[in-house]
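Residue numbers (my numbering), protein chains in the order written: chain G, 128 to 495; chain W, 128 to 495.
Accompanying notes for the structure given below.
2 protein chains.
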Amino acid sequence: MKIKYELISKDKNARLGKLHTNHGTFDTPMFMPVGTLATVKTLTPEELKDVGSAIILSNTYHLWLRPGEDVVAKAGGLHKFMNYDGPILTDSGGFQVFSLANKKDITEEGVYFKSHIDGKKLFLTPELSIQIQNKLDSDIAMSFDECIPYPADYEYAKNSTERTLRWAIRGKNVHKNENQSLFGIVQGGEYEDLRNYSAKETVKIGFDGYSIGGTSVGEDKKTMYKMVDDAIKYLPEDKPRYLMGVGEPADIFEGIERGIDMFDCVLPTRLARHGNAFTPNGKINLKNLKYKEDFEPIDNHCDCYTCKHYSKAYIRHLFVSKEALGGRLLSIHNIRFLIKLTENIRKSIKKNQFLDYKKEFLTKYNNK
Amino acid sequence: MKIKYELISKDKNARLGKLHTNHGTFDTPMFMPVGTLATVKTLTPEELKDVGSAIILSNTYHLWLRPGEDVVAKAGGLHKFMNYDGPILTDSGGFQVFSLANKKDITEEGVYFKSHIDGKKLFLTPELSIQIQNKLDSDIAMSFDECIPYPADYEYAKNSTERTLRWAIRGKNVHKNENQSLFGIVQGGEYEDLRNYSAKETVKIGFDGYSIGGTSVGEDKKTMYKMVDDAIKYLPEDKPRYLMGVGEPADIFEGIERGIDMFDCVLPTRLARHGNAFTPNGKINLKNLKYKEDFEPIDNHCDCYTCKHYSKAYIRHLFVSKEALGGRLLSIHNIRFLIKLTENIRKSIKKNQFLDYKKEFLTKYNNK
Numbered sequence: 128m129k130i131k132y133e134l135i136s137k138d139k140n141a142r143l144g145k146l147h148t149n150h151g152t153f154d155t156p157m158f159m160p161v162g163t164l165a166t167v168k169t170l171t172p173e174e175l176k177d178v179g180s181a182i183i184l185s186n187t188y189h190l191w192l193r194p195g196e197d198v199v200a201k202a203g204g205l206h207k208f209m210n211y212d213g214p215i216l217t218d219s220g221g222f223q224v225f226s227l228a229n230k231k232d233i234t235e236e237g238v239y240f241k242s243h244i245d246g247k248k249l250f251l252t253p254e255l256s257i258q259i260q261n262k263l264d265s266d267i268a269m270s271f272d273e274c275i276p277y278p279a280d281y282e283y284a285k286n287s288t289e290r291t292l293r294w295a296i297r298g299k300n301v302h303k304n305e306n307q308s309l310f311g312i313v314q315g316g317e318y319e320d321l322r323n324y325s326a327k328e329t330v331k332i333g334f335d336g337y338s339i340g341g342t343s344v345g346e347d348k349k350t351m352y353k354m355v356d357d358a359i360k361y362l363p364e365d366k367p368r369y370l371m372g373v374g375e376p377a378d379i380f381e382g383i384e385r386g387i388d389m390f391d392c393v394l395p396t397r398l399a400r401h402g403n404a405f406t407p408n409g410k411i412n413l414k415n416l417k418y419k420e421d422f423e424p425i426d427n428h429c430d431c432y433t434c435k436h437y438s439k440a441y442i443r444h445l446f447v448s449k450e451a452l453g454g455r456l457l458s459i460h461n462i463r464f465l466i467k468l469t470e471n472i473r474k475s476i477k478k479n480q481f482l483d484y485k486k487e488f489l490t491k492y493n494n495k
Numbered sequence: 128m129k130i131k132y133e134l135i136s137k138d139k140n141a142r143l144g145k146l147h148t149n150h151g152t153f154d155t156p157m158f159m160p161v162g163t164l165a166t167v168k169t170l171t172p173e174e175l176k177d178v179g180s181a182i183i184l185s186n187t188y189h190l191w192l193r194p195g196e197d198v199v200a201k202a203g204g205l206h207k208f209m210n211y212d213g214p215i216l217t218d219s220g221g222f223q224v225f226s227l228a229n230k231k232d233i234t235e236e237g238v239y240f241k242s243h244i245d246g247k248k249l250f251l252t253p254e255l256s257i258q259i260q261n262k263l264d265s266d267i268a269m270s271f272d273e274c275i276p277y278p279a280d281y282e283y284a285k286n287s288t289e290r291t292l293r294w295a296i297r298g299k300n301v302h303k304n305e306n307q308s309l310f311g312i313v314q315g316g317e318y319e320d321l322r323n324y325s326a327k328e329t330v331k332i333g334f335d336g337y338s339i340g341g342t343s344v345g346e347d348k349k350t351m352y353k354m355v356d357d358a359i360k361y362l363p364e365d366k367p368r369y370l371m372g373v374g375e376p377a378d379i380f381e382g383i384e385r386g387i388d389m390f391d392c393v394l395p396t397r398l399a400r401h402g403n404a405f406t407p408n409g410k411i412n413l414k415n416l417k418y419k420e421d422f423e424p425i426d427n428h429c430d431c432y433t434c435k436h437y438s439k440a441y442i443r444h445l446f447v448s449k450e451a452l453g454g455r456l457l458s459i460h461n462i463r464f465l466i467k468l469t470e471n472i473r474k475s476i477k478k479n480q481f482l483d484y485k486k487e488f489l490t491k492y493n494n495k
């Protein structure tokens, strides 16, 4: 069965919805934690459920290399392999592959690049990406696209955008997993006409959902939000829209304001590994000496396991002592923070108060 | 309130008992996981309870350096600091300090040594060790002793053993925490008369429990078991006996056979960090290629969270990918393995079948 998006209500362009999948239904807008290698770093599936996480992302490129899609398939698919029974979205591998390839390695057929593990030369094509994802058996697969760098000259962006459309068709043609949905990805770089064109053509091909790719690649925020504007107006209302690689609270608000339903980002777990925590008043670094004797939780009002049981002083001690529990406790808190943020945003959309909540939250978050 | 040991029954010298503490009662013999820096590596207190862990050990030396005993005291003691409401035993710091000191740095007053963190010169005395432990507010504190190396010449061992007795008195004299019990430690190296002497004199000083120290320092197994024999016959029946730093199943059996009630060891968590797991048929290393497509749990009969939910192939993948969840899952399994072992041993003592169970377990464990 394919996923089904149900639009519940709107507050201007902000959408409240439900996404029905073979592994459960969840409310949108929703933030997806990233489990690159079939594990959201340091956490168990039970802990993900505890923080309200409803869907996770896993990386096709990484799983292709380790343990290999055939091992995952023999285990009964990614859900069984990692003991996670909620919905999983897999990316196409494109983002990682392009960061490892030179421009000259990008051909019409696919992309040559070197493995980040052992330098071995590899070749990924739109077909292979889909075939790997079919075997991983995620709920949602992504089309193989080129993530255009920023800035890029117009000719390069145009040629790349057109090739990504041809790749989308090739991928769709080999997509065989009836229980897996397939998303198309809008590219077009920083150019309005290319974004418009890419969105319209991708929708013409027809997918179960649409993603806006090629953002968060070094462009300023204004440009990023315009990339969304230029693409989203051509996306159908009855399909979910996913903004890739976005996890900063301000960007989540801006995305939702424009009609985005799904986000993913390594930010909460990456911040956690380095001792950083989200708070309603912005980020703090727990390694700071000022927390040495601070026996209050990170956030007195936070309902996560970490804030209910541990002080900043203890978490600081764990980080200073390089104890793994520190990263674990902060990962729980940071993921909960973003999940709770989307919960609160959904409530505000329901009450037609999205912009009020956005202002209230960001004023406090930015300490203004 | 001090701890109270209750002897329930005996099977020859093997003892079934209960230890009543201010943080709950537990059955003995019992294995204690080690939480060096106020955290049993990678695990939460809830996970420790889930595996049946009833008491943990934490290291005074390490907590003295980081975060410092005053920070822990301000947090309300070690239990509150680390969010653990079960019994905690702290060691004296002696074991770590002697591994960092030269023989000439050992004086009657105390021991000079260099911090393993920054090389700073430090001085630890029997009084300071107890005062730090008083502030940590563990349930059981240990006397400050010299762990005699193996081999050691007789004169050295004799002088050291006598000094450890003087240190035990000095420590007891400054011990002020009414809610904390204090254990004496029997030394004497590899010499029967010194072990006898140390045991008798330590008991004369009078403690809430007795530990046998200076084992697992390089001696062969036969010598180690004789060290226990030579000490334990002079220890009173109405106090708990603790064999320090022992966690190999065979050694746990041999200790219990001689009348030991408590054990601690970093073995289960250290093994876990390196990808090793206990099984009823001996240890295995999950990083081995042969587990790449082994979708069975580590042990089909194990009742731990890891074995109920994860395959060897998945755990191998986590280790190959250097994912922290791997060490966490193996720590859960390995600690459960030793806790379950002591559970089964207690059952066997109750049925007067300890030696039968020992033979049955070790035959299988040693693959004979």
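Just so you know, even glycine gets a beta-carbon here, dropped at the ideal spot from N, CA and C.
Taking the C-alpha atoms as reference points, what is the distance between residue i and residue j?
{"i": "residue 431 of chain G", "j": "residue 184 of chain G", "result": "21 Å"}
{"i": "residue 252 of chain G", "j": "residue 167 of chain G", "result": "27 Å"}
{"i": "residue 484 of chain G", "j": "residue 214 of chain G", "result": "28 Å"}
{"i": "residue 324 of chain G", "j": "residue 132 of chain G", "result": "24 Å"}
{"i": "residue 433 of chain G", "j": "residue 464 of chain G", "result": "11 Å"}
{"i": "residue 396 of chain W", "j": "residue 197 of chain G", "result": "31 Å"}
{"i": "residue 425 of chain W", "j": "residue 211 of chain W", "result": "28 Å"}
{"i": "residue 240 of chain W", "j": "residue 271 of chain W", "result": "15 Å"}
{"i": "residue 291 of chain W", "j": "residue 384 of chain W", "result": "27 Å"}
{"i": "residue 176 of chain G", "j": "residue 160 of chain G", "result": "11 Å"}
{"i": "residue 394 of chain G", "j": "residue 374 of chain G", "result": "6 Å"}
{"i": "residue 139 of chain G", "j": "residue 360 of chain G", "result": "13 Å"}
{"i": "residue 235 of chain W", "j": "residue 218 of chain W", "result": "20 Å"}
Using the beta-carbon count (16 or more within 10 Å), is residue i buried or exposed?
{"i": "residue 428 of chain W", "result": "exposed"}
{"i": "residue 285 of chain W", "result": "buried"}
{"i": "residue 329 of chain W", "result": "buried"}
{"i": "residue 223 of chain G", "result": "buried"}
{"i": "residue 280 of chain G", "result": "exposed"}
{"i": "residue 136 of chain G", "result": "exposed"}
{"i": "residue 376 of chain W", "result": "buried"}
{"i": "residue 293 of chain G", "result": "exposed"}
{"i": "residue 225 of chain G", "result": "buried"}
{"i": "residue 242 of chain W", "result": "exposed"}
{"i": "residue 307 of chain W", "result": "buried"}
Would residue i count as contacting chain G if we go by Cβ distances under 8 Å?
{"i": "residue 161 of chain W", "result": "no"}
{"i": "residue 194 of chain W", "result": "yes"}
{"i": "residue 208 of chain W", "result": "yes"}
State the DSSP-derived secondary structure class of residue i, mapped to helix, strand or coil.
{"i": "residue 145 of chain G", "result": "strand"}
{"i": "residue 326 of chain W", "result": "helix"}
{"i": "residue 395 of chain G", "result": "helix"}
{"i": "residue 265 of chain W", "result": "coil"}
{"i": "residue 300 of chain W", "result": "helix"}
{"i": "residue 184 of chain G", "result": "strand"}
{"i": "residue 164 of chain W", "result": "coil"}
{"i": "residue 494 of chain G", "result": "coil"}
{"i": "residue 179 of chain G", "result": "coil"}
{"i": "residue 388 of chain W", "result": "coil"}
{"i": "residue 502 of chain G", "result": "As displayed, chain G neither begins before 128 nor continues past 495, which places residue 502 of chain G out of reach and without an answer."}
Would you verify that the beta carbon of residue i is, or is not, closer than 8 Å to some beta carbon of chain W?
{"i": "residue 157 of chain G", "result": "no"}
{"i": "residue 304 of chain G", "result": "no"}
{"i": "residue 321 of chain G", "result": "no"}
{"i": "residue 243 of chain G", "result": "no"}
{"i": "residue 423 of chain G", "result": "no"}
{"i": "residue 169 of chain G", "result": "yes"}
{"i": "residue 178 of chain G", "result": "no"}
{"i": "residue 198 of chain G", "result": "yes"}
Please determine whether the Cβ atom of residue i lies at a distance below 7 Å from any heavy atom of the ligand ADP.
{"i": "residue 283 of chain G", "result": "The ligand ADP is not part of this structure, which contains no ligands at all."}
Less than 8 Å between CB atoms is the rule here; does residue i satisfy it with respect to chain B?
{"i": "residue 228 of chain W", "result": "Within the model displayed, chain B is absent; protein chains G and W are what it includes."}
- Query: Is the number of C-beta pairs between the region 448 to 463 of chain W and the region 401 to 416 of chain W that are closer than 8 Å three or more?
  - Reply: Counting Cβ pairs under 8 Å, three or more are found: they touch.
- Task: Decide yes or no for the touch test of the region 329 to 347 of chain G against the region 362 to 369 of chain G: beta carbon pairs closer than 8 Å, at least 3 of them.
- Result: Result yes; three or more Cβ-Cβ pairs closer than 8 Å.
- Task: Give a yes or no on contact between the region 269 to 283 of chain G and the region 311 to 324 of chain G, applying the rule of three or more CB pairs nearer than 8 Å.
- Result: As far as the Cβ criterion goes, the region 269 to 283 of chain G touches the region 311 to 324 of chain G, which means the pair count is three or higher.
- Query: If we count Cβ pairs, one from each stretch, closer than 8 Å, do we get three or more for the region 251 to 265 of chain G versus the region 200 to 207 of chain G?
  - Reply: In short, these stretches touch, since the Cβ pair count reaches three.
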